[in-house]
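A short worksheet on the structure shown next.
Residue numbers (the working numbering), protein chains in the order written: chain Y, 3 to 272; chain Z, 6 to 306.
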């Protein structure tokens, strides 16, 4: 089996940089659980789609073999640095670039010193792959790609991994509901900003837990619209593409607020 | 200390292609040129800036996006390599800049006093965004004038356009007061493209000017209509049309720099000088200047 585990995680740095804040600490604990589950699934490579790596031209795949640096989040800079150490499965990345182009989705690799790695991808590296034990395959969120194309990208990543006999863990990085607090809040009292959005998030997570894929796929457009979901929930489209459109059930390791927006750590059972 | 003044404002767009086309030492990527009309427009703007002799340049960039408030660069010296995440093949620029932290802090404090959420960026490892760097390089490649960098709070996208631009208006007022109190002679840089509809495929080579033209004719017509009004000094009419312009041409002025700059200048009904217009991957870019000294609205050095 190519896909050995799959996860949805938030891309916000807040659980990482301020773990001692109770609402965010719970999500950090959930990330730790996801990291253990990922490691236990014994993948060769972690395949990452992060909504925060935004592209406009082409579908971009990271092809630089190794990146070790420090990133500072453009919004949360006061919480300090985000160091990262990431290795790339370059053979799989090159295969993905080729296959994506062959699927008529114009695509290219990026291999540049100091290329800005996004915060969401760094959260994968630091929470799910501490110590850089496993190589990553990282691809961008092209803002003009819809659900269908994003799902296709997940399919391509899975298919190319299969050809190379890679066992992969798939990680979709992005938020749930998107209403956030615009002004300074009491961090300890952070909560999902809208009751309606909170209900929607819980409904979608419940459907995931039940493995009700049919209802999930029917509901996601409404959810994306009503709860202002991060990037139209394309990170879930990527996961579904890699999983071949189905999973049996899911474990929600954590759900909570991220400065008013919703975030969840979900493990899908295959 | 004499009262500070805003001595000019520039519409100073930031396509990294302009730096790439110029081939400065700081940029790793090299080209055979390209986008000359816009680069020559910036040459005229550079000459004007040289005559203005400002103490400080303030730049508002749509590529430093912040959700919680309006942020200001607050580290005295910042350096590093800025790689454009969209065009890494064109822009990998080694930058080094000095920040006027005192003025930035005053802008930040005034914004807060006027009801905005504001924040200073104090992290020395912060990577300055490519919009800020491109605009600053194109207007002053010597990098010898201190800067104040302002983020683009995403309120025009998260709220309505009108609500978001109201915040930028307040930010402009806060900026003006800070400049007046500081005694500085300041130039404002609105780092914005006009019509922002663009191609989705890059030519090979990227500087193949045979491929460069407006992506959208209606967007081009909007650009010409707005530039014509700006050249005639019909500022009120421009701002009356602004939401429609933004909506119909996907104009990047939505991100707030243009409104911030005009608010800080108190929306003068002053004819802007068009240094040049050109497209970059189909987007519309104008380099324009509002010289408040020439207009008698500010004192010469």
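A virtual CB, placed ideally from N, CA and C, is assigned to each residue, including glycine.
### Query
Among all the DSSP beta bridges, which residues are the ones paired with residue 257 (chain Y)?
Y:266, per the DSSP bridge assignment.
### Query
residue 218 (chain Y) and residue 207 (chain Y) look like a contact to me (Cβ under 8 angstroms); what is the Cβ gap, rounded to whole Å?
With 8 angstroms as the limit, residue 218 (chain Y) and residue 207 (chain Y) do not qualify as a contact, their Cβ atoms being about 10 angstroms apart.
### Message
Just to make sure I have the definition right: I need the residues of chain Z whose C-beta is within less than 8 angstroms of the C-beta of residue 57 (chain Y). Which are they?
### Response
Correct list: 90 and 91.
### Query
How would you call residue 4 (chain Z), buried or exposed, if buried means at least 16 neighbouring beta carbons within 10 angstroms?
The structure shown does not extend to residue 4 (chain Z), since chain Z spans only 6 to 306, so no value can be given for it.
#### Entry: residue 63 (chain Z) beta carbon less than 8 angstroms from that of residue 140 (chain Z)
Contact flag unset, no.
### Query
residue 293 (chain Z) by DSSP, collapsed to three states: which one?
In the structure shown, the three-state DSSP call for residue 293 (chain Z) is strand.
### Task
Quickly, what does DSSP pair residue 71 (chain Y) with across the bridge? List them, please.
Bridge pairing for residue 71 (chain Y): Y:86 [DSSP].
### Query
Just reading off the alpha helix (DSSP H) that residue 221 (chain Y) is part of, what are its end residues?
According to the DSSP assignment, residue 221 (chain Y) belongs to the alpha helix (DSSP H) that extends over 215-228.
### Query
For residue 128 (chain Z), which residues in chain Y fall below 8 angstroms Cβ to Cβ?
What residue 128 (chain Z) touches in chain Y: 74, 79, 80, 82 and 83.
### Query
If you draw a straight line from the alpha carbon of residue 8 (chain Y) to that of residue 245 (chain Y), how long is it in whole angstroms?
Taking the straight line joining both Cα atoms gives about 8 angstroms.
### Message
Between Z:301, Z:126, Z:193 and Z:39, which has its C-alpha nearest residue 178 (chain Z)'s C-alpha?
### Response
Check the Cα spacing between residue 178 (chain Z) and each of Z:301, Z:126, Z:193 and Z:39: the tightest is with Z:193.
### Message
Quick check on residue 160 (chain Z): buried or exposed, where buried means 16 or more other Cβ atoms within 10 Å of its Cβ?
### Response
By the Cβ neighbour-count rule, residue 160 (chain Z) is buried, with 16 or more other Cβ atoms within 10 Å of its own.
### Per-residue contacts from residue 70 (chain Z) into chain Y (C-beta, under 8 angstroms)
Residues of chain Y passing the Cβ test: 76 and 77.
### Query
What's the C-alpha gap between residue 254 (chain Y) and residue 55 (chain Y)?
Between residue 254 (chain Y) and residue 55 (chain Y), the alpha-carbon positions lie close to 25 angstroms from each other.
#### Entry: Sequence-distant residues of the same chain with beta carbon closer than 7 angstroms to residue 256 (chain Z), five excluded per side
So the list reads 199, 200, 201 and 250, once near-sequence residues are dropped.
### Message
Buried or exposed, going by whether 16 or more other CB atoms sit within 10 Å of the CB of residue 127 (chain Z)?
### Response
With fewer than 16 other CB atoms across the displayed protein chains lying within 10 angstroms of its CB, residue 127 (chain Z) is exposed.
### Message
Relative to the C-alpha of residue 132 (chain Z), which candidate in Z:166, Z:146, Z:107 and Z:97 has its C-alpha closest?
### Response
Nearest option by C-alpha distance: Z:97.
### Which listed residue (Y:162, Y:17, Y:47 and Y:235) has its alpha carbon closest to that of residue 145 (chain Y)
When each option's Cα is compared against that of residue 145 (chain Y), the closest is Y:235.
### Task
Pull up the distance between the alpha-carbon of residue 164 (chain Z) and that of residue 44 (chain Y), whole angstroms please.
Answer to the nearest angstrom: the Cα atoms are 44 angstroms apart.
### Message
Excluding the 5 residues flanking residue 83 (chain Z) on each side, which residues of the same chain have their C-beta closer than 6 angstroms to its C-beta?
### Response
For residue 83 (chain Z), where only same-chain residues beyond five positions count, the Cβ hits under 6 angstroms are 102 and 133.
### Message
I'd like to know whether the C-beta of residue 237 (chain Y) is nearer than 8 angstroms to at least one C-beta of chain Z.
### Response
So no, residue 237 (chain Y) is outside the interface.
### Query
Taking only beta-carbon atoms, is residue 123 (chain Y) less than 8 angstroms away from chain Z?
Answer no: the Cβ-Cβ gap between residue 123 (chain Y) and chain Z never drops below 8 angstroms.
### Query
For residue 19 (chain Y), does the three-state DSSP call read helix, strand or coil?
Helix, per DSSP.
### Query
Is residue 118 (chain Z) helix, strand or coil by DSSP?
Three-state result, residue 118 (chain Z): helix.
### Message
Going by DSSP, what residue range makes up the beta strand (DSSP E) through residue 205 (chain Z)?
### Response
First-last for residue 205 (chain Z): undefined, no H or E at that position.
### Query
Excluding sequence positions up to five away, which residues of its chain have a Cβ less than 7 angstroms from the Cβ of residue 279 (chain Z)?
Hits under 7 angstroms: 232, 236, 291 and 293.
### Query
Can you name, in chain order, every residue of its own chain whose Cβ lies under 7 angstroms from the Cβ of residue 121 (chain Y), other than the five neighbours on each side?
For residue 121 (chain Y), same chain residues with a beta-carbon under 7 angstroms away, outside a window of 5 residues either side, are 13, 15, 54, 73, 75 and 84 in chain order.
### Task
Express the C-alpha separation of residue 125 (chain Z) and residue 77 (chain Z) in angstroms, rounding to a whole number.
Distance from the CA of residue 77 (chain Z) to the CA of residue 125 (chain Z), rounded to the nearest whole angstrom, comes to 5 angstroms.
### Task
For the beta strand (DSSP E) containing residue 27 (chain Y), list its first residue and its last residue.
DSSP places residue 27 (chain Y) outside any beta strand (DSSP E); the residue lies instead in the alpha helix (DSSP H), whose first and last residues are 24-42.
### Message
Mapping the DSSP letters down to three states, classify residue 272 (chain Z) as helix, strand or coil.
### Response
It is coil, neither helix nor strand.
### Query
In the DSSP assignment, what residue or residues form a beta bridge with residue 2 (chain Z)?
With chain Z represented from 6 up to 306, any question about residue 2 (chain Z) goes unanswered, as that position is not in the structure.
### Query
Since residue 24 (chain Z) is in the alpha helix (DSSP H), which residue starts that stretch and which ends it?
That run of the alpha helix (DSSP H) goes 21-27.
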